[in-house]
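Peer 1: Counting from 15, one number per residue, gives the positions in the sequence shown under my numbering.
The structure follows.
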Amino acid sequence: MGAYTAAYERSISDPTRFWGVAARDIRWRTPPDRVLDDGAPPFYRWFTGGELNTCENALDRHVEDGHGGRLALIYDSPVTGTRRSYTYRELTGEVALFAGALRALGVDRGDRVVLYLPMVPQAVIAMLACARLGAVHSTVFGGFAPKELAVRIDDARPKVVVSASCGIEGSRVVPYKPMLDAALELSAHQVNHCVILQRPEAPAPGGHAELTRPRDLDWDEAVTGAAPAECVPVAATDPLYILYTSGTTGRPKGVVRDNGGHAVALRWSMENVYGVGPGDVFWAASDVGWVVGHSYIVYAPLLTGCTTVLYEGKPVGTPDAGAFWRVASEHGVKAMFTAPTAIRAVKKEDPQAELLGAYDLSALETLFLAGERLDPDTYQWASRALDRPVIDHWWQTETGWPIVANPRGLEPMAVKPGSPSVPVPGYDVRVLAPDGREAEPGADGDIVIRLPLPPGTLPTLWQDDERFVQSYLTRYPGHYLTGDGGRIDEDGYVWVMGRTDDVINVAGHRLSTGVMEEVIAAHPAVAECAVIGVGDELKGQVPRGFVVLKSDAAIDAAQLRSELVGAVRRQVGPVASFKEVAIVPALPKTRSGKILRGTMRGLADGREVPVPSTIEDASVLDALRPILRPTT
């Protein structure tokens, strides 16, 4: 029995023992009296009776263990030309000081603090400062529209909001303070204070945003004279943060993360999933506003004693498509984590990977990709360009860490392009048919996770147990519904084919648009693509394709359409009825890189759909509207 199989079977057959052993890597103020509290299903709690402090585990313990001089955080900002490094000792001092500033503003254990910040060190410092006090942070992606920010403020009801005068998106300066002011005008809940980080790039005179006194104070004012705060022990089951994700009703869902299970699971994942240990440099090229930023920019690397990289830039344009390789080279990154869409952007601008040759990537061992489905063509391109393992894995905001992955630190598995590999220990992954019966190997169905979910996953939604049950646990009792469809093959590999609403019904045949996208993405001229199902009077639904060409593509549009239609017909079958392909300059995406297929589908069906608050560039969607609009 291999290391993976042994660990996985232990985690499913005896989760209490498995996670009890993993919990030894965490410093507890009071050890838990129960590893798994399963007394009130479908609600489960991990490490009940235990007390700890997440910030202490991420910072203070490393200093106390003699590693205060080790680099904890590297800030690299090509958009401002700024770089700064913090040792564990320095970062601990900064966090303790800002925690003291928050305490002086009345923030205590259990209070909420909303963070509306760009990718700057102060975002990491503020998150850890909240954890130090036992306060609950809710980080909102910097630049979210005022209405969306107001909804989150009303739901979390924070005492304090921490923001900045501006953020920088590529070459564009985005003023944050006016949006925060507008959000506070819209929100029913009124905060006690706002702490504003003044950045010199802000457009206001002198580079400073206008403060509303006495409510507002700037960051430097807040920390001047503040007394450093010590770590406050909290219950393992107390919330660490709330992270809002989109809801089908338009009201965001506040995913809750607890302190104990989160610390244990993330610490375990770094060495066993990512193959990274204390002192290694880890870089998640994401944003602190997303779950990847929470888990793998801030908490997991620091809990492990790694050096984490905070990058304020883009995969292309800051200054070119070699930006990622430059960061990995200069900082000696051992493992890198980003989204497939970022690699596709690099591939589009530098299809031959010529810029990569200028950098020494000898320290880089693995590239991890997640956040959306990794199509085989992107996998093959990255594998050829980097000549090292490219590892797909799959997880969600709700789970907080990988569900399915290739456990590089535990036992590296063979890669099957198109599959994120095997269930991670702790996750009892099943595929169920619509009638609730388990699907045969290779048969498609709904991907679910049998309860209990492992530590680190959401125990509920913020102040809404009923919605938690209705959203995730009702469709298949005893199971968590992931919302993704796919299959498990004879070798136990999971194939995630996309959200279940991306399965279309063509003349009674259920077909995955993800499969068609695989075929289209394999064409040498295609940089990225999307396939959506649109209403059809005769067939119910038919697929429509949208493709973005590589920068060096030289092909006639009619020829490309013919080749793509022919390829789908050969590889998926005539039953797909794939006949329409539009060549577009860009696809509408969220800021985290996910293509807005649902929004495109709504427009194509002639429905009025709101522009999502998470959209990266609304002008891309506006340009697509005439193409998407149904013909009469």
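By construction, the Cβ of each residue, glycine as well, lies at the ideal position given by its N, Cα and C atoms.
Computed from a prediction, not measured in an experiment: that's the story for all the values here.
Taking 8 angstroms as the threshold (C-beta atoms), are residue 534 and residue 582 in contact?
Peer 2: Going by C-beta atoms, residue 582 is nearer than 8 angstroms to residue 534.
Peer 1: Can you give me the Cβ contacts of residue 121 inside the same chain, cut-off strictly under 7 angstroms, excluding the 5 residues immediately before and after it?
Peer 2: For residue 121, where only same-chain residues beyond five positions count, the Cβ hits under 7 angstroms are 127, 147, 149, 173 and 174.
Peer 1: Got a sec? Which residues, its chain only, sit under 6 angstroms from residue 35 by beta carbon, not counting five neighbours each side?
Peer 2: Around residue 35: no qualifying Cβ.
Peer 1: Assuming contact is defined by CB atoms lying nearer than 8 angstroms, are residue 422 and residue 380 in contact in what I supplied?
Peer 2: Closer than 8 angstroms, so yes.
Peer 1: Quick check on residue 170: does DSSP put it in helix, strand or coil?
Peer 2: Note: residue 170 maps to helix in three-state DSSP.
Peer 1: Would you decide whether residue 20 is buried or exposed? Buried here means 16 or more other CB atoms lie within 10 Å of its CB.
Peer 2: Its Cβ having fewer than 16 others within 10 Å, residue 20 is exposed.
Peer 1: Kindly list the residues whose CB is nearer than 6 angstroms to the CB of residue 176, restricted to its own chain and excluding five residues on each side of it in sequence; keep chain order.
Peer 2: So the list reads 129, 140 and 209, once near-sequence residues are dropped.
Peer 1: Short of 7 angstroms in beta carbon distance, which residues of its chain neighbour residue 512, apart from the five on each side in sequence? Order them along the chain.
Peer 2: Excluding sequence neighbours, residue 512 sits near 387, 498, 499, 526, 527 and 528.
Peer 1: Work out the CA separation of residue 182 and residue 317 for me, nearest whole Å.
Peer 2: The straight-line gap from Cα to Cα measures roughly 29 angstroms.
Peer 1: Can you round the beta-carbon distance between residue 510 and residue 403 to whole angstroms, since I take them to be within the 8 angstroms contact cut?
Peer 2: Not confirmed; about 19 angstroms, so no contact.
Peer 1: Where does residue 90 land, buried or exposed, given buried means 16+ other C-beta within 10 angstroms?
Peer 2: It counts as buried.
Peer 1: The beta strand (DSSP E) spanning residue 130 covers which residue range?
Peer 2: Residues 126–130.
Peer 1: Buried or exposed for residue 300, going by 16 or more other Cβ atoms inside 10 Å?
Peer 2: Buried, by the Cβ-count rule.
Peer 1: What is the residue span of the beta strand (DSSP E) that residue 350 lies within?
Peer 2: First-last of the beta strand (DSSP E) with residue 350: 349–352.
Peer 1: Could you have a look at residue 42 and say whether DSSP puts it in helix, strand or coil?
Peer 2: Three-state DSSP puts residue 42 in coil, outside helix and strand.
Peer 1: Let me check understanding here. Comparing Cα to Cα, which of 370, 418, 343 and 412 lies closest to residue 396?
Peer 2: Per the Cα distances, 370.
Peer 1: Can you find at least 3 beta carbon pairs, one from the segment 273–291 and one from the segment 477–495, that sit closer than 8 angstroms?
Peer 2: No: the two stretches stay apart, fewer than three of their Cβ pairs being nearer than 8 angstroms.
Peer 1: Taking buried to mean at least 16 other C-beta atoms within 10 Å of its own C-beta, is residue 28 buried or exposed?
Peer 2: It is exposed - the Cβ of residue 28 has fewer than 16 other Cβ atoms within 10 Å.
Peer 1: Around the Cβ of residue 646, are there at least 16 other Cβ atoms within 10 angstroms (buried) or fewer (exposed)?
Peer 2: Confidence at residue 646 is low in this model, with a pLDDT of 42, below 50, so its placement is unreliable and the value that follows should be read with caution. Residue 646 is exposed by the Cβ-count criterion.
Peer 1: Between residue 638 and residue 269, what straight-line distance do the alpha-carbon atoms span, to the nearest angstrom?
Peer 2: Each residue's Cα considered, the two are about 32 angstroms apart.
Peer 1: Can you name the start and end residues of the beta strand (DSSP E) that residue 186 belongs to?
Peer 2: Start and end: 186–189.
Peer 1: Going along the chain, which residues of its own chain have a beta-carbon closer than 8 angstroms to the beta-carbon of residue 450, five neighbours each way excluded?
Peer 2: Cβ neighbours of residue 450 beyond the five flanking positions: 490.
Peer 1: Check residue 397 in the structure and name its three-state DSSP category.
Peer 2: Residue 397: helix per DSSP, three-state reduction.
Peer 1: Run through the segment 192–250 for me and flag every whole beta strand (DSSP E) of 3 or more residues, listed as ranges in chain order.
Peer 2: DSSP runs (the beta strand (DSSP E)) wholly in the segment 192–250: 207–211 and 230–232.
Peer 1: Do you know how far the Cα of residue 188 is from the Cα of residue 132?
Peer 2: Each residue's alpha carbon lies about 10 angstroms from the other.
Peer 1: With distance defined between alpha-carbon atoms, name the residue in 459, 324 and 558 nearest to residue 596.
Peer 2: Residue 558 is the option with its Cα nearest to residue 596.
Peer 1: With DSSP run on the structure shown, which of helix, strand or coil describes residue 33?
Peer 2: DSSP places residue 33 in helix when its eight states are reduced to three.
Peer 1: I'd like to confirm the pairing. Which residues does DSSP put opposite residue 386 in its beta bridges?
Peer 2: Answer is none; residue 386 lacks a bridge partner.
Peer 1: CA-CA distance, residue 302 and residue 584?
Peer 2: If I take the Cα positions, the gap works out to 43 angstroms.
Peer 1: Name the one or two DSSP bridge partners that residue 180 has.
Peer 2: The partner list for residue 180 (beta bridge, DSSP) reads 189.
Peer 1: Residues in the same chain with beta-carbon distance under 6 angstroms from residue 425, minus the five sequence neighbours each way, listed in chain order, please.
Peer 2: Counting only Cβ-Cβ distances below 6 angstroms, and skipping sequence neighbours, we find 16, 17 and 18.
Peer 1: Between which two residues does the alpha helix (DSSP H) containing residue 635 stretch?
Peer 2: Run containing residue 635: 632–642, per the alpha helix (DSSP H) assignment.
Peer 1: Does DSSP put residue 297 in a helix, in a strand, or in coil?
Peer 2: In this structure, residue 297 counts as strand in the three-state DSSP scheme.
Peer 1: Quick check on residue 588: does DSSP put it in helix, strand or coil?
Peer 2: Residue 588 falls in the helix class under three-state DSSP.
Peer 1: Check this for me: beta carbons of residue 385 and residue 342, under 8 angstroms apart or not?
Peer 2: Taking 8 angstroms as the Cβ cut-off, residue 385 and residue 342 do not qualify as a contacting pair.
Peer 1: Quick check: the Cα distance between residue 213 and residue 619, rounded to an integer number of angstroms?
Peer 2: If I take the Cα positions, the gap works out to 44 angstroms.
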